[in-house]
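Novice: One structure, as structure tokens, below. Some questions next.
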């Protein structure tokens, strides 16, 4: 039974990481997720898995129970994925934001069956594997290594294969059949083996028919967007795209967020003409996102236009645009580029008269990259003399909430650090126009002189752009003295947006802080302030927070290149596997003590300091060859080193703690659950509080001191 069971343990890791990735992708669509919501979902995943692992200590360690958990995981994974996709239809309408508390409780409820079973299964596998073995700590550590192999294979397989060719339900079928096949192999020599094999065979046939005869992805989407009629659904490496129809109106959604609807010429006119009327003789324009909505038709009304470079990250958006709105992209003067907008600006050799950014508010760290001091400087570098930069933020014609004031003020102050002149066109959406040349609010006369024909704005400009409204918005953005400038490695505008988002539901960060406090109480209850468990908790927390900082740094410096992000995640898992494998092998040949963990903990303390210096150094480099080496080599190596530090400590802690407690189930269940709970806290805080509020540098300093404190605690109490 040894080889089938080894295979089963690898399947645990493979199933866990693959399901986690798919759950997170579905959560983006189901909950319309930014980092805050994804941090909550990921945190819930890790917390529940940790609790399941702790509950595993009470199991009998029977193989039959392990097979039952595999069967149950295969059964519940489809309903769980289905629920995460359709839950929005029952609590909100498509495109509507969900309050944080609902996301927390619904994701906790939906994730519970799979995560609790998955965590329970890990501890159960450790008990079975080490049963009747002399060196139980060594055998249990092998389970951790095998689980890491499964994590590595799952992350690699998804990032380089599944994401390109299969939707979520097709990908999840792999998990179903792997778990059933594993259970079938393990049932071979059991007393009730025939019954298990008969049940597994029936389930395999049932799921094969279900998945082959029904398009579950389409069914889920139709329920999610009911009563609209779904015309098209496309899955890309960047997310889920849906086109719906309601009466004569077409609606385009990306991850449940409404990109635009046809017939909304009012919005298109505002986005374009406020910028273009400042320089009606513009010849070259760069448009970042939003081009298929019809905005380019407004740009083409200006007779001097020679070329529009339209940059859109996801090629599937362009495909759907050409399919349903081909007239919006038919001009020969339009050049479409499927690339990250920031990466295009960074590498561009072109010069533009106007750059227009049609993106949402800085609701995520990814989008925030287009509102930073560094990006505005990069844009200025590709503008002709007195060129125009235009962007927009949520606003209000006569009133702004305190959170909106902070958000608008931060962007205004950031723009003023780069451009001599910045004006704001107030409204439900505030439009920021920036230039080193002269800017004017006299749009009525400019529109009349240009002889540009518009459908809407020519009629309401006198009532919209009034002196009192202009004075109000300028007094707001200039009067917030405590608001900071938005920078790449200090994304404060994202933090201000999160405050604004929470305020929409009469919430603030108190809810998040309460959850964090409850997790800390749970941690202290489980660890009882013992050095080793506390060390594992801090390792899990630091590993998750630092991995987020690495991915953030990569995105800021080189753009959102999804395949490379997959490399980083896989490199982290590779580091965990290599170090845990090496340490597990050495456990038998030499003795270990708390001093060894102390040395690894100290190395982990130094890591954020070194990382911050490296990020600072390469952020100032523009040489193409060095950028290439950083992308292809440096970031994967940095991530592997982090994974190695994290992965080395767990088997050492298992060995040392077991020698004190002499109970492998209690040792594994406690340390593994504490590790996941620490990672849970890292997920909650890393992307929501640490980086947005403190910035990358201060976050690294915080992680340094946290690990130094634990290092001394280990040294004193070890």
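Residue numbers (the numbering used here): 14 to 731.
Beta carbons are placed, not taken as given, at the ideal position from N, Cα and C, and that holds for glycine.
(1) Would residue 708 and residue 502 qualify as a contact pair, given that the criterion is a beta-carbon distance under 8 angstroms?
(2) Going by alpha carbons, who is nearest to residue 382 out of 362, 396, 424 and 413?
(3) Looking only at its chain, what residues have a beta carbon closer than 6 angstroms to the beta carbon of residue 150, apart from the 5 residues adjacent to it on each side?
(4) Return yes when the Cβ of residue 110 is within less than 8 angstroms of the Cβ of residue 64, no when it is not.
(5) Taking the alpha-carbon positions, what's the residue 88 to residue 70 distance?
(6) Between residue 448 and residue 372, is the Cβ-Cβ spacing less than 8 angstroms?
(7) Taking 8 angstroms as the cut-off, does the segment 126-145 touch the segment 89-108 (at least 3 CB pairs, one atom from each stretch)?
(8) Is residue 471 helix, strand or coil by DSSP?
(9) Is DSSP giving residue 140 helix, strand or coil here?
(10) At what residues does the alpha helix (DSSP H) containing residue 456 begin and finish?
(11) Determine the direct distance from the alpha carbon of residue 193 to that of residue 729, and round the result to whole angstroms.
(12) How many Å lie between residue 419 and residue 580 at the Cα?
(13) Distance check for residue 515 and residue 408, CA to CA, integer angstroms please.
(14) Relative to the alpha-carbon of residue 510, which residue among 56, 718, 376 and 161 has its alpha-carbon at the smallest distance?
(15) Please classify residue 494 as buried or exposed, where buried requires at least 16 other C-beta atoms within 10 Å of its C-beta.
(16) Excluding five sequence neighbours on each side, which residues of the same chain lie with their C-beta closer than 6 angstroms to the C-beta of residue 694?
(17) Go ahead and label residue 221 buried or exposed: buried means 16 or more other beta carbons lie within 10 angstroms of its beta carbon, across all protein chains shown.
(18) Keeping to the same chain, check which residues put their C-beta closer than 6 angstroms to that of residue 134; ignore five residues upstream and five downstream.
(19) Answer with buried or exposed for residue 374, where buried requires no fewer than 16 other C-beta atoms within 10 angstroms of its C-beta.
(20) Mapping DSSP to helix, strand and coil, what is residue 447?
(21) Do residue 607 and residue 744 count as a contact pair if the criterion is CB distance below 8 angstroms?
(22) Considering just the uninterrupted stretch of the beta strand (DSSP E) at residue 249, what are its terminal residues?
(23) Is it right to say residue 568 is buried, meaning 16 or more other beta carbons lie within 10 angstroms of its own, or is it exposed?
(24) Alpha carbon to alpha carbon, how far is residue 477 from residue 649? Give it in angstroms, no decimals.
(25) Quick one, are the C-beta atoms of residue 287 and residue 174 less than 8 angstroms apart?
(26) Whose CA, out of 619, 75 and 395, lies closest to the CA of residue 360?
(27) What does DSSP give as the partner residues of residue 301 in its beta bridges?
(28) Of all the alpha helix (DSSP H) runs that stay within the bounds of the segment 540-571, which reach a length of 4 or more residues?
(29) DSSP puts residue 500 in a beta bridge; with which residues?
(30) Residue 54 and residue 37 look like a contact to me (Cβ under 8 angstroms); what is the Cβ gap, rounded to whole Å?
(31) Between which two residues does the alpha helix (DSSP H) holding residue 181 run?
(32) Residue 251: which of 611, 351, 480 and 121 sits nearest, CA to CA?
(33) Since residue 95 contacts residue 195 with CB under 8 angstroms, what's their CB separation in whole angstroms?
(34) What did DSSP end up calling residue 293 once you bin it into helix, strand or coil?
(35) Which partner residues of residue 259 appear in the DSSP bridge assignment?
(36) Is the beta carbon of residue 390 closer than 8 angstroms to that of residue 439?
Specialist: This is what the structure holds:
(1) yes
(2) 424
(3) 667, 668 and 671
(4) No; because the gap between Cβ atoms is not below 8 angstroms, this pair is not in contact.
(5) 24 angstroms
(6) no
(7) Yes: at least three Cβ pairs fall under 8 angstroms.
(8) Here residue 471 sits in helix by DSSP.
(9) helix
(10) Looking at the DSSP string, the run of the alpha helix (DSSP H) that includes residue 456 is 456-463.
(11) 49 angstroms
(12) Rounded to whole angstroms, residue 419 and residue 580 show a C-alpha spacing of 37 angstroms.
(13) 16 angstroms
(14) Considering only alpha carbons, the answer is 376.
(15) Taking a 10 Å sphere around the C-beta of residue 494, we find fewer than 16 other C-beta atoms and assign the residue as exposed.
(16) 532 and 554.
(17) exposed
(18) 25 and 82
(19) Taking a 10 Å sphere around the C-beta of residue 374, we find 16 or more other C-beta atoms and assign the residue as buried.
(20) strand
(21) Since the first residue shown for the chain is 14 and the last is 731, residue 744 is missing from the structure and cannot be characterised.
(22) For residue 249, the uninterrupted beta strand (DSSP E) run begins and ends at 242-249, by DSSP.
(23) buried
(24) 52 angstroms
(25) no
(26) Cα-wise, what sits closest to residue 360 is 395.
(27) Partner(s): 324 and 370.
(28) 544-571
(29) Residue 500 pairs with 503.
(30) 6 angstroms
(31) 181-199
(32) 351
(33) The beta carbons of residue 95 and residue 195 sit about 23 angstroms from each other, so the pair does not count as a contact at 8 angstroms.
(34) coil
(35) 262
(36) no
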